[in-house]
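Trainee: Sending over a structure as structure tokens; questions will come in a sec.
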Amino acid sequence: MTDLLRGPVHDVHVELGASFAEFGGWEMPVSYAGTVGEHQATRTAVGLFDVSHLGKATVAGPGAAAFVNDVLTNDLGRIRPGKAQYTLCCTDEGGVVDDLIAYHVGDEEIFLVPNAANTAEVVRRLAAAAPQGVTVTDQHREFAVFAVQGPAAAGVLDALGLPSDMEYMAFADARWQGRPVRVCRTGYTGEHGYEVLPRWADAEAVFLALADQVKAAGGQPAGLGARDTLRTEMGYPLHGHELSTEITPVQARVGWAVAWSKPRFWGKQALEAEKAAGPRRTLFGLRALDRGVLRQDQTVSRAGVPIGRTTSGTFSPTLKIGIALALLDTGAGIEPGAEVEVDVRGRALRCEVVKPPFLPPRTS
Numbered sequence: 005m006t007d008l009l010r011g012p013v014h015d016v017h018v019e020l021g022a023s024f025a026e027f028g029g030w031e032m033p034v035s036y037a038g039t040v041g042e043h044q045a046t047r048t049a050v051g052l053f054d055v056s057h058l059g060k061a062t063v064a065g066p067g068a069a070a071f072v073n074d075v076l077t078n079d080l081g082r083i084r085p086g087k088a089q090y091t092l093c094c095t096d097e098g099g100v101v102d103d104l105i106a107y108h109v110g111d112e113e114i115f116l117v118p119n120a121a122n123t124a125e126v127v128r129r130l131a132a133a134a135p136q137g138v139t140v141t142d143q144h145r146e147f148a149v150f151a152v153q154g155p156a157a158a159g160v161l162d163a164l165g166l167p168s169d170m171e172y173m174a175f176a177d178a179r180w181q182g183r184p185v186r187v188c189r190t191g192y193t194g195e196h197g198y199e200v201l202p203r204w205a206d207a208e209a210v211f212l213a214l215a216d217q218v219k220a221a222g223g224q225p226a227g228l229g230a231r232d233t234l235r236t237e238m239g240y241p242l243h244g245h246e247l248s249t250e251i252t253p254v255q256a257r258v259g260w261a262v263a264w265s266k267p268r269f270w271g272k273q274a275l276e277a278e279k280a281a282g283p284r285r286t287l288f289g290l291r292a293l294d295r296g297v298l299r300q301d302q303t304v305s306r307a308g309v310p311i312g313r314t315t316s317g318t319f320s321p322t323l324k325i326g327i328a329l330a331l332l333d334t335g336a337g338i339e340p341g342a343e344v345e346v347d348v349r350g351r352a353l354r355c356e357v358v359k360p361p362f363l364p365p366r367t368s
């Protein structure tokens, strides 16, 4: 894995005994003491995730916010400076180049956090379309991102003197021991949580301070394994699985992140046509009724007739059953409560169809 990028606290993860894997071109910690334990610590206390592989980019200049609003799907006009918003960068055909978080810093500055593997393409598209005077700057390795997630997350930030009393999807710029830190009330676990963005050079000091307080609160560092089981329980899409240039927001049930009344955004015409006609497939959740492990790209059938494929699958440490997300053919007439079968290595595993999420979110 020598050709992979490494985050600013890689050596700390090594000292903590992490196992690593490639993700989005980065060498990332998958687990430290076990995915199930890290998952449960996040649900019951607090987990600390290093997600510094996430992209960062700034769109700046006169009319920067108006420009971003004209191309991405959600409506920045719905939020004020100091708030963040989930949004999508789509192709003209309605596929998803990336899903990302837009931080509304002001009319002349929008800070974006795309997915690691898609950052360069998002920046390229925005830069190519930007009007005169608006610049798009890739800042992928200028900021680290640490997610502090779980019921005890606010206490961890309070102990470090960082802001915690803010609305969901709000952010604040603060300082810790003289170091600039941006704190946002966001996350990818379904729990009350925050994402802490220090400068790359300050990352190790901030991470170690967070880790000390997380340990004191009964939590622990958590890797990408737990991040995936946590987000799957919540039905949160992962680009490359539930979203892609071939999977639209209408199909993936994230049409709520599309401001349909806006006069323009990339993919508007194609998405409006799909919404009016109805998508050919729709994302559902699957709960295993028998023992078995659900994984990505398994065939889903009903009465022996294939009707779709799983996009993600895992064992749910909270529910103690196998769960999956799957795109199912609309023409099959599937509704929540229906029973389907998933081909698990040649064995038909019975599953109940549900509408995600599998657990109620506790982000408030």
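Residue numbers (the working numbering): 5 to 368.
Heads up, the beta-carbon is just placed ideally off N, CA and C, and yes, glycines get one too.
Small disclaimer: the values here were computed from a predicted structure and weren't measured.
#1: Looking at the structure shown, is L201 part of a helix, part of a strand, or coil, going by DSSP?
#2: Whose C-alpha, out of R128, V187 and D294, is nearest the C-alpha of D142?
#3: Please report how far the alpha carbon of V126 lies from the alpha carbon of A307, in whole angstroms.
#4: Excluding the 5 residues flanking S35 on each side, which residues of the same chain have their C-beta closer than 6 Å to its C-beta?
#5: Let's test the definition: count the other Cβ atoms within 10 Å of the Cβ of L58 and tell me whether it reaches 16, buried, or not, exposed.
#6: Quick check on the DSSP output: what are the complete beta strand (DSSP E) runs of length 3 or more inside the stretch 119-165, in order along the chain?
#7: Starting from I327, follow its DSSP beta bridges and name the residues at the other end.
#8: Taking the C-alpha atoms as reference points, what is the distance between S368 and P361?
#9: Can you look up Q300 in the DSSP assignment and give me helix, strand or coil?
#10: Which residues in the same chain as R179 place their Cβ atom closer than 8 Å to its Cβ, once the five residues preceding and following it in sequence are excluded?
#11: Over what stretch of residues does the beta strand (DSSP E) that includes R183 continue unbroken?
#12: Hey, out of V160, G194, R82 and S265, whose CA is closest to V223's CA?
#13: Where does G308 sit, in a helix, a strand or coil, going by DSSP?
#14: If you measure between the beta carbons of G259 and K272, is that distance less than 9 Å?
#15: Quick one: what's got a C-beta closer than 6 Å to A328's C-beta in the same chain, skipping five residues either side?
#16: Roughly how many angstroms lie between the CA atoms of A3 and V218, to the nearest whole one?
#17: Ignore the nearest five residues each way along the sequence and tell me which others in A131's own chain have a CB closer than 6 Å to its CB.
#18: Rounding to the nearest angstrom, what Cα-Cα distance links E26 and F53 in this structure?
#19: Using beta-carbon positions only, say whether F91 and D103 come within less than 9 Å of one another.
#20: Scan the stretch 28-102 and note each continuous beta strand (DSSP E) run of 3 residues or more that stays entirely inside, going in chain order.
#21: May I ask you to report which of helix, strand or coil DSSP gives V262?
Mentor: According to the data block:
#1: As a position in the sequence shown, residue 201 is number 197, starting the count at 1. DSSP places L201 in strand when its eight states are reduced to three.
#2: As a first step, residue 142 must be located in the sequence shown, where it is residue number 138. The option with the nearest alpha carbon to D142 is R128.
#3: Locating residue 126 in the sequence shown gives position 122, counting from the first residue. Locating residue 307 in the sequence shown gives position 303, counting from the first residue. Cα to Cα, the separation comes out at about 42 Å.
#4: Your numbering for residue 35 matches position 31 in the sequence shown. Taken in chain order, the residues that qualify are S23, G227 and G229.
#5: Here the question's residue 58 lines up with position 54 in the sequence shown. Buried, since its Cβ has 16 or more Cβ neighbours within 10 Å.
#6: 139-142 and 150-153
#7: One-based indexing of the sequence shown puts residue 327 at position 323. Per DSSP, R291 and T318.
#8: Numbered from 1 along the sequence shown, position 364 holds the residue referred to as residue 368. Numbered from 1 along the sequence shown, position 357 holds the residue referred to as residue 361. The alpha-carbon atoms of S368 and P361 are separated by roughly 16 Å.
#9: To locate residue 300, count along the sequence shown from 1; it is residue 296. In the structure shown, Q300 sits in coil (DSSP, three-state: anything other than H, G, I, E or B).
#10: Counted from its first residue, the sequence shown places residue 179 at position 175. So the list reads V185, once near-sequence residues are dropped.
#11: Mapped onto the sequence shown, residue 183 falls at position 179. It spans R183 to C188 - the beta strand (DSSP E) in which R183 sits, taken as one unbroken run.
#12: As a position in the sequence shown, residue 223 is number 219, starting the count at 1. Contrary to the premise, residue 223 reads as Gly rather than Val in this sequence. Minimum Cα distance to G223 is reached at V160.
#13: Looking up residue 308 in the sequence shown gives position 304. Of the three classes helix, strand and coil, the one that applies to G308 here is coil, per DSSP.
#14: Counting from 1 along the sequence shown, the entry for residue 259 is found at position 255. Counting from 1 along the sequence shown, the entry for residue 272 is found at position 268. For G259 and K272, no; Cβs fall outside 9 Å.
#15: By 1-based counting over the sequence shown, the position of residue 328 is 324. For A328, where only same-chain residues beyond five positions count, the Cβ hits under 6 Å are L290, L298, T314 and G317.
#16: Missing from the structure shown is residue 3; the chain here goes from 5 to 368 and no further.
#17: The sequence position of residue 131 within the sequence shown is 127, counting from 1. Counting only Cβ-Cβ distances below 6 Å, and skipping sequence neighbours, we find V140.
#18: One-based indexing of the sequence shown puts residue 26 at position 22. One-based indexing of the sequence shown puts residue 53 at position 49. Going from the Cα of E26 to the Cα of F53 covers about 16 Å.
#19: Residue mapping note: residue 91 aligns to position 87 of the sequence shown, counting from 1. Residue mapping note: residue 103 aligns to position 99 of the sequence shown, counting from 1. Note that residue 91 is Thr in the sequence shown, not Phe. Closer than 9 Å, so yes.
#20: 30-35, 51-54, 61-64 and 87-94
#21: Mapped onto the sequence shown, residue 262 falls at position 258. Residue state, collapsed to three classes: coil.
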